[in-house]
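8 is the number of the first residue of the sequence shown in my numbering; add one for each residue after it. Just so you know, even glycine gets a beta-carbon here, dropped at the ideal spot from N, CA and C.
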Amino acid sequence: MGKLPKTRLIIGYSSQRAKKDRYNREKGVRRLQKEFGKGNITKDNINKRGYNKFLDLANDVKVTINKNKINEDEQWDGLKGYLTNTGLPAEVVYEQYRDLWQIERAYRITKGTLELRPMFHFIQKRIEAHVCICFVAYKVYKELERILKTSGIKLSVDKVLDIAKTITTIKVKLPISGETITKTMLLTTIHKSIAKLFDENFWKSF
């Protein structure tokens, strides 16, 4: 891959990522020290894979854990680089990449929950219809996710759907008027945790 025109390297720092980097490194070093203490570390372990990069070979004989390399690695905690050829401000590029997990999650939902794939259609129109239905379903999924968040229901969409499957409705015919009404049976505490979703007035606010 050749060099992109007018590329920029943007460096971002995250204190949360720094904590994660430090935690992972300390965990890796503890594992190295444990294996080192057992005598399981040999010359074959000296490579650039994972935390083996902290190993050194002294006098072509003795394997050691290089603390200077560990200290050097600490200087990179929390840093991440972004190579881009866009003219967007650095802050915008950084924020966009921070939200990349939402795109990855969208792929998981469409392939898993919404079953976009595998696809068992061979006619073009049916394939397009299948993808279109999945796209609309994903839009509904995300809208319900937004509504749950704004309404204070601290449950995932999948959890709410699972609960809803256990809720039944019954039709009751009033003896005097002859009118038939529908009653939603919210029988358990779990059912009642999403009771507002069955209130017509609740949906009028969206």
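Which first and last residues belong to the alpha helix (DSSP H) in which residue i is found?
i      : result
Gly35  : 22-44
Tyr89  : Counting along the chain, Tyr89 falls outside any alpha helix (DSSP H), though it belongs to the beta strand (DSSP E) covering 86-91.
Leu151 : 131-157
Lys166 : 164-171
Asn208 : 207-210
For residue i, count the other beta carbons within 10 Å of its own beta carbon; 16 or more makes it buried, fewer makes it exposed. Which is it?
i      : result
Ile201 : buried
Phe129 : exposed
Leu181 : exposed
Ile116 : buried
Leu86  : exposed
Leu39  : buried
Among the residues of its own chain, which have a CB less than 7 Å from the CB of residue i, if the five just before and after it don't count?
i      : result
Met8   : Note on Met8: pLDDT 48, under 50, position unreliable in the model; the coordinate value appears next. Answer for Met8: no residue qualifies.
Phe209 : Lys203
Thr93  : Val100
His137 : Met126, His128
Thr176 : Thr189, Lys190, Thr191, Met192
With distances taken Cα to Cα, identify the nearest neighbour of residue i among the options.
i      : options                        : result
Ile17  : Arg32, Leu95, Asp28            : Leu95
Leu64  : Tyr58, Thr49, Gly57            : Thr49
Gly57  : Phe127, Asp80, Val70           : Asp80
Ile197 : Thr189, Ile177, Leu168         : Leu168
Lys13  : Arg153, Leu90, Gly46           : Leu90
Asn73  : Asp84, Gln82, Phe61            : Phe61
Lys26  : Asn78, Ser158, Asp84           : Asp84
Asn47  : Lys34, Thr71, Phe205           : Thr71
Tyr104 : Ser21, Glu207, Arg32           : Ser21
Val179 : Thr187, Arg124, Arg37          : Thr187
Ile77  : Arg32, Gln109, Phe43, Leu123   : Arg32
Ile174 : Asp165, Lys199, Leu151, Glu152 : Lys199
Arg24  : Gly88, Gln131, Asp206          : Gly88
In chain order, what residues of the same chain have a beta carbon less than 8 Å from the beta carbon of residue i, not counting five sequence neighbours either side?
i      : result
Leu121 : Cys141, Ala144, Tyr145, Tyr148
Phe213 : Ile154
Where do the N-terminal and C-terminal ends of the beta strand (DSSP E) with residue i fall, by residue?
i      : result
Ala65  : 62-65
Leu175 : For clarity, residue 175 is Thr in the given sequence; the question names Leu instead. Unbroken beta strand (DSSP E) run through Thr175: 175-180.
Ile72  : 69-72
Reducing DSSP to helix, strand and coil, say where residue i ends up.
i      : result
Thr195 : coil
Met8   : Annotation note: pLDDT 48 at Met8 (below 50); position unreliable, no value reported.
Arg124 : coil
Arg112 : helix
Leu95  : coil
Lys161 : coil
Arg15  : strand
Ile201 : coil
Ile77  : helix
Thr49  : coil
Verify the CB distance criterion: does residue i have a CB-CB separation below 8 Å to chain D?
i      : result
Leu204 : Absent here is chain D; the protein component of the structure consists of one chain.
Whose C-beta lies closer than 6 Å to the C-beta of residue i among residues of the same chain, with five residues either side of it excluded?
i     : result
Arg29 : Asp84
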